[in-house]
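As you go down the protein sequences, you meet chains E and U in turn. Note that the first sequence covers residues 16 to 248 in the numbering used here. Note that the second sequence covers residues 337 to 581 in the numbering used here. Comments concern the structure below.
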Amino acid sequence: MNQLLRMTGSAAIDGTPIFSQLDLVLTPHSWTCLLGASGVGKSTVLRLFAGLAEGITFNGSLSKPGCVAMMAQQDLLMPWLSVMDNVLLGASLRGERADKPRARDRLEQVGLADHADKLPAALSGGQRQRVALARTLMEDRAVVLLDEPFSALDALTRAQMQELTAELLAGRTVLLVTHDPNEAARLGQTILIMTPTGLVDIAAPTSPIPRDIHAADVLRAQADLFDHLRRPT
Amino acid sequence: MTGWRAGIAATCLMLALWQTVIWTTGVARFILPPPALVAQTIWDSRALLAEHAVVTMAEVLIGLLLGAALGFVSAIGLVASPTARALVRPILVFSQSVPVFALAPILTLWLGFGLWSKITMALIIIYFPVTSSFFDALMRTNRDWIGLAKVMGASPARIMWHIRVPAALPGFASGLRLAAVYAPIGAIIGEWVGASKGLGYLMLLANGRAKTDLMFAALIVLAILTILLHAAVNKLCEKTLDRPE
Ligand SMILES: Nc1ncnc2c1ncn2[C@@H]1O[C@H](COP(=O)(O)OP(=O)(O)O)[C@@H](O)[C@H]1O
Ligand SMILES: [Mg+2]
Numbered sequence: 016m017n018q019l020l021r022m023t024g025s026a027a028i029d030g031t032p033i034f035s036q037l038d039l040v041l042t043p044h045s046w047t048c049l050l051g052a053s054g055v056g057k058s059t060v061l062r063l064f065a066g067l068a069e070g071i072t073f074n075g076s077l078s079k080p081g082c083v084a085m086m087a088q089q090d091l092l093m094p095w096l097s098v099m100d101n102v103l104l105g106a107s108l109r110g111e112r113a114d115k116p117r118a119r120d121r122l123e124q125v126g127l128a129d130h131a132d133k134l135p136a137a138l139s140g141g142q143r144q145r146v147a148l149a150r151t152l153m154e155d156r157a158v159v160l161l162d163e164p165f166s167a168l169d170a171l172t173r174a175q176m177q178e179l180t181a182e183l184l185a186g187r188t189v190l191l192v193t194h195d196p197n198e199a200a201r202l203g204q205t206i207l208i209m210t211p212t213g214l215v216d217i218a219a220p221t222s223p224i225p226r227d228i229h230a231a232d233v234l235r236a237q238a239d240l241f242d243h244l245r246r247p248t
Numbered sequence: 337m338t339g340w341r342a343g344i345a346a347t348c349l350m351l352a353l354w355q356t357v358i359w360t361t362g363v364a365r366f367i368l369p370p371p372a373l374v375a376q377t378i379w380d381s382r383a384l385l386a387e388h389a390v391v392t393m394a395e396v397l398i399g400l401l402l403g404a405a406l407g408f409v410s411a412i413g414l415v416a417s418p419t420a421r422a423l424v425r426p427i428l429v430f431s432q433s434v435p436v437f438a439l440a441p442i443l444t445l446w447l448g449f450g451l452w453s454k455i456t457m458a459l460i461i462i463y464f465p466v467t468s469s470f471f472d473a474l475m476r477t478n479r480d481w482i483g484l485a486k487v488m489g490a491s492p493a494r495i496m497w498h499i500r501v502p503a504a505l506p507g508f509a510s511g512l513r514l515a516a517v518y519a520p521i522g523a524i525i526g527e528w529v530g531a532s533k534g535l536g537y538l539m540l541l542a543n544g545r546a547k548t549d550l551m552f553a554a555l556i557v558l559a560i561l562t563i564l565l566h567a568a569v570n571k572l573c574e575k576t577l578d579r580p581e
C-alpha cells in the first residue's frame, strides 16, 4: 500500500458539524499522531477511515484505505472467548480457517503465550490490551488505526505497550489518536493537532521510534506540544 | 449455603404459622387440614400424586423447551429484520395487556383435553418474557464490538451469530428463569379448564370430593416441583449461559 491516504472535507453528526476543511494525509509506512481537545472529532476521523460511517455525514473525498485494523481504548475483547479465540476472532467472523499456529506466534510476540486458554476476565488491564494488540497483529493489515489505545493503562505499562506496539507495527501505516503529548513525542513521525479550524502540523523528532523517554528531542517535542495544546484556538 | 438455610427456616416458619392458625382458631380440617395430616396424605397417596405430577411436569418441560426455542428464534428474527420488528412488536406488547389465561378454554376447545392444550398454554405464557428479555439483550450489544466486527469484514449474519447472540445469552438466561416460574402456572390453568390428568386436575377432583388434605398435598407437590424446576434452570443458566464480569 503505497498510495497516499488522504481525507479532505467536513463531517457532521445529526446535523451538528463536527469538523470542516480538514485535510489529513497519512504518510505510508509511518506513524501519524493526531492530538486535539476532546470532542474535536478525532474518533470520527478514525471511524471514517475504518468505514464505520454510520450516522456520520461526510462531505469531501476520502481515499479508502481498504482493509484496516483497529484498536481502541477499550480492549473490546469478547468476554466469552478465550484469549486464543479472541486473537482468532477476525478469522471466525470471516468464516476463514483458524490459523492457530500463527495466533500462538502473535501471543508469543506480546508475551502472553502462557495465557492462551484463559478468559479475558482473568487478565490485568495491561495484559488485556496486549491481547487486543495480538488480535490487531493477527489481522495483518497495512493500515492500522489506534484510538487512544494506551490511555487506560498505568504509566509504566503504557510505556511498555508503546514500545511493544511500535516494534510490532513497524513498517505499517499507523494513525494514532492520543491525548498524551509524551506519547506523540515518542511515537509520532508526523504530529498533528486537530482544531475546529483545521490541522496544525508540529515538527516531530526525526529519530527512529519508539524513542527513549528522556531523549532530548522527545522532551523538546513534548514541551512544544504542551504549549500548542494550551494555546487558545 | 445460607440460601438453603434461609429456605429451610422459612419453611419451618410457615409450618409453625399454619399449625398455630389451626390450634388458635380450631378451623375444621376440611377447610384447613393440619400439616401432619397433609404430610400423611402425601405419603399415603404417593403413587397417585406421582402419576399426576409426571403429567404436569411433562407439560411444563415440553412447554418450557418449545417456548424457549420459539422465543430464541423470534428475538433473533426481530433484531435481524426492522420490518419484522415494526410489525410484530405492537402485537407482542398488545398480547401482554390481554389476560392470556382467558385463552385456556379456547385452547382446550381447539387442542382437546390432552397434553397439547396445556403445553400450548405454558408456551404462550413464557414466550413473551423469553422473547423480550433476549431481544432487549440483543439490542443492547456493545456498539464498539459490532464496529470492530465490521472492520474485520464480518457479514451481518456472522455478527449476529458470533457477537450478538453470545453477548446476549445472559439476557436469554434471565428470560428462562422467569419462564421456569411461569410455565407451571400455564400448565395448571390449562388443567383446571379441562383435563383428565395432572396435579391441577387432581386438585379440582379432590376439591369436588371434599378431600381437602389431598388438595393440599397436590398443591405442595406442585410447589416443590416448581421450586426444584427453578433451581435446576438456575443452575443450568449459571453453568452455560451466565458470564462472570
Ligand atoms: N453518536 C453520536 N451522536 C451525536 N454526537 C456524537 C456522536 N458521536 C460523537 N458525537 C459528537 O461528535 C463530536 C466528536 O466526537 P469524537 O470524534 O468522539 O471526538 P474525540 O474523539 O476527538 O474526542 C463530539 O462533540 C461528540 O459529542
Ligand atoms: Mg475519541
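Just so you know, even glycine gets a beta-carbon here, dropped at the ideal spot from N, CA and C.
C-alpha gap between residue i and residue j, whole angstroms
{"i": "residue 139 of chain E", "j": "residue 101 of chain E", "result": "16 Å"}
{"i": "residue 210 of chain E", "j": "residue 228 of chain E", "result": "27 Å"}
{"i": "residue 75 of chain E", "j": "residue 22 of chain E", "result": "8 Å"}
{"i": "residue 384 of chain U", "j": "residue 111 of chain E", "result": "58 Å"}
{"i": "residue 467 of chain U", "j": "residue 533 of chain U", "result": "30 Å"}
{"i": "residue 567 of chain U", "j": "residue 517 of chain U", "result": "10 Å"}
{"i": "residue 499 of chain U", "j": "residue 134 of chain E", "result": "16 Å"}
{"i": "residue 32 of chain E", "j": "residue 26 of chain E", "result": "6 Å"}
{"i": "residue 246 of chain E", "j": "residue 214 of chain E", "result": "14 Å"}
{"i": "residue 16 of chain E", "j": "residue 411 of chain U", "result": "Residue placement at residue 16 of chain E cannot be trusted, given a pLDDT of 46 that sits under 50; the coordinates are not used to answer."}
{"i": "residue 99 of chain E", "j": "residue 146 of chain E", "result": "9 Å"}
{"i": "residue 576 of chain U", "j": "residue 47 of chain E", "result": "45 Å"}
{"i": "residue 541 of chain U", "j": "residue 521 of chain U", "result": "18 Å"}
{"i": "residue 446 of chain U", "j": "residue 492 of chain U", "result": "40 Å"}
{"i": "residue 2 of chain E", "j": "residue 425 of chain U", "result": "Here chain E comprises residues numbered 16 to 248, so residue 2 of chain E is not present and cannot be evaluated."}
{"i": "residue 432 of chain U", "j": "residue 390 of chain U", "result": "30 Å"}
{"i": "residue 196 of chain E", "j": "residue 36 of chain E", "result": "24 Å"}
{"i": "residue 93 of chain E", "j": "residue 442 of chain U", "result": "46 Å"}
{"i": "residue 187 of chain E", "j": "residue 84 of chain E", "result": "11 Å"}
{"i": "residue 113 of chain E", "j": "residue 131 of chain E", "result": "14 Å"}
{"i": "residue 368 of chain U", "j": "residue 357 of chain U", "result": "9 Å"}
{"i": "residue 154 of chain E", "j": "residue 180 of chain E", "result": "14 Å"}
{"i": "residue 350 of chain U", "j": "residue 454 of chain U", "result": "30 Å"}
{"i": "residue 65 of chain E", "j": "residue 430 of chain U", "result": "42 Å"}
{"i": "residue 163 of chain E", "j": "residue 206 of chain E", "result": "15 Å"}
{"i": "residue 182 of chain E", "j": "residue 73 of chain E", "result": "34 Å"}
{"i": "residue 417 of chain U", "j": "residue 507 of chain U", "result": "20 Å"}
{"i": "residue 461 of chain U", "j": "residue 67 of chain E", "result": "40 Å"}
Interface flag, residue i vs chain U, CB-CB below 7 Å
{"i": "residue 85 of chain E", "result": "yes"}
{"i": "residue 251 of chain E", "result": "No answer is possible for residue 251 of chain E: the residues shown for chain E start at 16 and end at 248."}
{"i": "residue 138 of chain E", "result": "no"}
{"i": "residue 67 of chain E", "result": "yes"}
{"i": "residue 16 of chain E", "result": "Residue confidence is low: residue 16 of chain E scores 46 on pLDDT, short of 50, so the model does not pin down where it sits. No coordinate-derived value is stated."}
DSSP beta-bridge partners of residue i
{"i": "residue 408 of chain U", "result": "Paired residue(s): none; residue 408 of chain U is not in a bridge."}
{"i": "residue 205 of chain E", "result": "E:47"}
{"i": "residue 74 of chain E", "result": "E:25"}
{"i": "residue 213 of chain E", "result": "E:210"}
{"i": "residue 83 of chain E", "result": "E:158"}
{"i": "residue 620 of chain U", "result": "Not covered by the structure: residue 620 of chain U. The range shown for chain U is 337 to 581."}
{"i": "residue 227 of chain E", "result": "DSSP output for residue 227 of chain E lists no bridge partner at all."}
{"i": "residue 38 of chain E", "result": "E:23"}
{"i": "residue 189 of chain E", "result": "E:46, E:159"}
{"i": "residue 32 of chain E", "result": "E:27"}
is_contact[residue i, chain E] using C-beta, thresh 7 Å
{"i": "residue 481 of chain U", "result": "yes"}
{"i": "residue 484 of chain U", "result": "yes"}
{"i": "residue 476 of chain U", "result": "no"}
{"i": "residue 579 of chain U", "result": "yes"}
Residue-level contact to chain C via CB, residue i, 7 Å cutoff
{"i": "residue 235 of chain E", "result": "Although the question refers to chain C, the structure presented lacks it and instead comprises the protein chains E and U."}
May I have all residues whose beta carbon comes closer than 5 Å to any heavy atom of ligand 1, sorted in chain order?
E:28, E:33, E:53, E:54, E:55, E:56, E:57, E:58, E:59
Just by C-beta distance, which residues in the stretch 487 to 519 of chain U are closer than 9 Å to chain E?
487, 488, 489, 490, 491, 494, 495, 498, 499, 502, 503, 505
Of all the residues that make up the stretch 410 to 422 of chain U, which are near chain E by a beta-carbon distance shorter than 7 Å?
none
For the stretch 105 to 126 of chain E, enumerate the residues whose C-beta is nearer than 7 Å to any C-beta of chain U, in chain order.
105, 107, 108, 109, 110
Determine which residues of the stretch 89 to 102 of chain E have a Cβ less than 9 Å from any Cβ of chain U, and write them out in chain order.
Listed by position, the residues of the stretch 89 to 102 of chain E near chain U (Cβ gap below 9 Å) are 89, 91, 93, 94, 95, 96.
Contact residues within the stretch 131 to 157 of chain E, judged by C-beta distance below 8 Å to chain U:
136, 154
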